[in-house]
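Take this note's numbering: the last position of the sequence shown gets the number 1298, and nothing is skipped along the way.
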Amino acid sequence: MAFGEKVYWDNRMAFVLAAIGSAIGLGNIWRFPYICYKYGGGAFLVAYIIALIIAGLPLLILEFSLGQKIGGSAPTSIGKVSKKFAWLGWMAIIVGFFITTYYAVIMSWAANYLVHSLSLAWGDDPRTFFYTNVLGLSDGIFKIGSPRIPLLIGLVVVWAWIILSIWKGAKTVSKVVYVTVTLPWLILLILVIGGLTLPGAFKGIAYYLTPNWSALLNPELWQAAFTQVFFSLSVGFGVMIAYASFLPPKSDIVNNAFIIGLSDAATAFVGGFAVFSALGYYAQIQGVSVAEVMKSGPELAFVTYPAIINHLPLGPLVGVLFFVMLLTLAIDSAFSLVEAVVAGVMETFGTNRTKTNIAVGILAFLIGIIYTTTAGLYWLDVVDYYMSYFALFAVAFLEAVLVGWLFDTEKLRRQINETSLVHIGRWWVISVRIIVPLAALVLLVLTIGGRIKSAYGGYPRTAELIAGWIPILFAIVLGVLLGKSTAKMLQKE
Ligand code: PHE
806 MAFGEKVYWD NRMAFVLAAI GSAIGLGNIW RFPYICYKYG GGAFLVAYII
856 ALIIAGLPLL ILEFSLGQKI GGSAPTSIGK VSKKFAWLGW MAIIVGFFIT
906 TYYAVIMSWA ANYLVHSLSL AWGDDPRTFF YTNVLGLSDG IFKIGSPRIP
956 LLIGLVVVWA WIILSIWKGA KTVSKVVYVT VTLPWLILLI LVIGGLTLPG
1006 AFKGIAYYLT PNWSALLNPE LWQAAFTQVF FSLSVGFGVM IAYASFLPPK
1056 SDIVNNAFII GLSDAATAFV GGFAVFSALG YYAQIQGVSV AEVMKSGPEL
1106 AFVTYPAIIN HLPLGPLVGV LFFVMLLTLA IDSAFSLVEA VVAGVMETFG
1156 TNRTKTNIAV GILAFLIGII YTTTAGLYWL DVVDYYMSYF ALFAVAFLEA
1206 VLVGWLFDTE KLRRQINETS LVHIGRWWVI SVRIIVPLAA LVLLVLTIGG
1256 RIKSAYGGYP RTAELIAGWI PILFAIVLGV LLGKSTAKML QKE
């Protein structure tokens, strides 16, 4: 086979950290706290944990076993399950590739803000600063304008960082993650402790966690819980499959999956304390309610947090810590997506690692330029929605059906148990065959239904077509073409 020399993780710890690094990312600090508050606070946590146990962890175990037991990156391992479906592995990593194109741009914003923190450059009006000075946001998705030079420079730096982090694949990642996973945790802890000492902090926390049990009857809450679990675990993009393929034979799977899944959930939960304590403080000094300062997405990190920093002692230091945290949280997620692509290409085409790595990086960088333009935020928003929800559910559904129904899942379960400290029971088979596909299918149908009714975010339908449907179609068509090569490669084996 065209593997060249097989590279493994330095040790088990390196794998666990790398997988945790991929799982914890912007989703934990931005999305989770906001979604948790929106869907009933403490009640959402219950739904989240249930979704994690009945669908998230089984899918994670499935992806680990695909990579480690069946062997290879997403196209190879899925191709080994059924040659006809190698395209699915390609689709997963092509979608992941699109995600990195904009994930790196958000990191470029954070890199710019790291510099701005030193002088608190946003001044008294962080909102205008973000939208006008930094993004130069135009008033329509088709008013594209030119790239913003500081964002472009940030993007070059981020891509150099990504490419170097996976230079020798798992070997380099094994070293890098000791810093890029532990450092953001350490900073998060500092921000939580600092945050909780601020006046008004507990009002924010109460807002975050006060359970509204009746919310559990709302189907939307369950939809949000499953969505968050899937996205946060980095499943459905071929990342966890590729990472597990660098594990030596006989490695533990189940215990590792539990450690990784629970660390991810815990990081999100703790992240909420950092975010909401600061929001509680800000609400108090502004004399408004927490609801009024509550924002999700870009606003939270690039408008609200800078506004809060203005009022803190040691503001520039807090700013630097915060943006270093965002950058180090995001980098392992970004390079895990790239590594999944690089591993996939190398296995099927026998290409050289360095060249593949650089080529993938440059291509993603070039596509990313669109998000550095004055309409960039709009395009980023649409692509994000279609890739991280829609495509993810489609892949998760097909992956679980394929392995669950066309493969001897019972045998796979025994193989997993042979090398795992904790054994999985028949519940795992039931989850892979029924619960995961059902959950993913329902999410998929709800998403499509919603989009038939109205375009995402009120954007024009043509924009939705260009940034949503066409990339997905592209991922399928290119996937099918490349899948043929993978099937041929496997034939020769
Ligand atoms: N799990 C990451 C987050 O929560 C995002 C991600 C998705 C990273 C898929 C890699 C692959 O931010």
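Virtual Cβ for every residue (Gly too), placed ideally from N, Cα, C. Computed from a predicted structure; not experimentally measured.
Asked: Residues of its chain near Pro-1004, where Cβ-Cβ distance is below 7 Å and the 5 sequence neighbours each way are ignored; Found: Tyr-1086 and Gln-1089
Asked: Buried or exposed (CB count within 10 angstroms, at least 16 for buried), Gln-873; Found: buried
Asked: Leu-1287 beta carbon near the ligand PHE (any heavy atom closer than 7 Å); Found: no
Asked: Alpha helix (DSSP H) segment containing Trp-1210, residue limits; Found: 1197–1211
Asked: Separation of His-921 from Leu-857, as counted between CA atoms; Found: 38 Å
Asked: Under 8 Å between C-beta atoms of Lys-904 and Phe-1107; Found: Contrary to the premise, residue 904 reads as Ile rather than Lys in this sequence. No, they are not a contact pair.
Asked: Around the ligand PHE, Cβ to any heavy atom closer than 7 Å, ordered along the chain; Found: Ser-827, Ala-828, Ile-829, Gly-830, Leu-831, Gly-832, Asn-833, Gly-901, Ile-904, Phe-1036, Ser-1037, Leu-1038, Ser-1039, Phe-1042, Val-1044, Ser-1138, Ser-1141, Leu-1142 and Ser-1193
Asked: Assigned exposure category for Ser-1094 - 16 Cβ within 10 Å defines buried; Found: exposed
Asked: C-alpha gap between Phe-902 and Gly-1092, whole angstroms; Found: 44 Å
Asked: Classification of Ala-1096 by the beta-carbon crowding that lies within 10 angstroms, buried from 16 upward; Found: exposed
Asked: CA-to-CA distance, Ser-913 to Leu-919, given in whole angstroms; Found: 10 Å
Asked: Residue from Val-1247, Gly-1273 and Arg-1218 with nearest C-alpha to Ser-870; Found: Arg-1218
Asked: Nearest neighbour of Gly-1262, chosen from Asp-1186, Met-1192, Val-1227 and Leu-1295 [CA to CA]; Found: Asp-1186
Asked: Given Ala-907 as reference, the closest of Ala-926, Leu-1226, Ile-998 and Thr-1178 once Cα atoms are compared; Found: One point to set straight first is that residue 907 is Tyr, not Ala, in the sequence displayed. The shortest Cα separation from Tyr-907 among Ala-926, Leu-1226, Ile-998 and Thr-1178 belongs to Thr-1178.
Asked: Distance, Gly-1181 Cα to Gly-945 Cα; Found: 10 Å
Asked: Inter-residue spacing [alpha-carbon to alpha-carbon] between Phe-1127 and Cys-841; Found: 21 Å
Asked: Whole-number beta carbon distance between Gly-1209 and Arg-1238, since they are thought to touch under 8 Å; Found: 4 Å
Asked: Element boundaries [alpha helix (DSSP H), containing Ile-958]; Found: 954–970
Asked: Other residues of its chain near Ile-1174: CB distance less than 8 Å, five sequence neighbours each side excluded; Found: Pro-952, Leu-957 and Leu-960
Asked: Beta-carbon proximity list for Ala-1169, same chain, < 8 Å, skipping 5 on both sides; Found: Phe-902, Thr-905, Thr-906, Ala-909, Trp-964 and Val-1143
Asked: The segment 1152–1167 contacting the segment 819–826, beta-carbon criterion three pairs below 8 Å; Found: no
Asked: Where Met-1045 falls: helix, strand or coil (DSSP); Found: helix
Asked: Contacts around Thr-1015, its chain only, beta-carbon distance under 6 Å, and the 5 residues preceding and following it disregarded; Found: Gly-846
Asked: Cβ-Cβ distance between Ile-971 and Val-978 below 8 Å; Found: yes
Asked: Which listed residue (Lys-889, Gly-1102, Phe-1081 and Ala-848) has its alpha carbon closest to that of Phe-935; Found: Gly-1102
Asked: Own chain, CB closer than 7 Å to Phe-1007, minus 5 neighbours either side, in chain order; Found: Gly-1085
Asked: Counted within 10 angstroms of its Cβ, other Cβ atoms place Glu-1025 as buried (16 or more) or exposed; Found: exposed
Asked: Start and end residues, alpha helix (DSSP H) containing Lys-1160; Found: 1158–1173
Asked: The segment 1201–1208 / the segment 1239–1258 touching (three or more Cβ pairs under 8 Å); Found: yes
Asked: Reduced DSSP category for Ile-898 - H, G, I as helix; E, B as strand; rest coil; Found: helix
Asked: Three CB pairs or more closer than 8 Å across the segment 1212–1229 and the segment 1046–1061; Found: yes
Asked: DSSP three-state assignment for Val-1285, whether helix, strand or coil; Found: helix
Asked: 8 Å Cβ shell around Val-1098 - same chain, five flanking residues per side excluded; Found: Leu-1084, Tyr-1087, Ala-1088, Gln-1091 and Thr-1109
Asked: Host alpha helix (DSSP H) of Ala-1020 (start-end); Found: Premise fails: Ala-1020 is in no alpha helix (DSSP H) and is neither H nor E.
Asked: Backbone secondary structure at Gly-1009 - three-state DSSP; Found: helix
Asked: Separation of Glu-1298 from Trp-1274, as counted between CA atoms; Found: 36 Å
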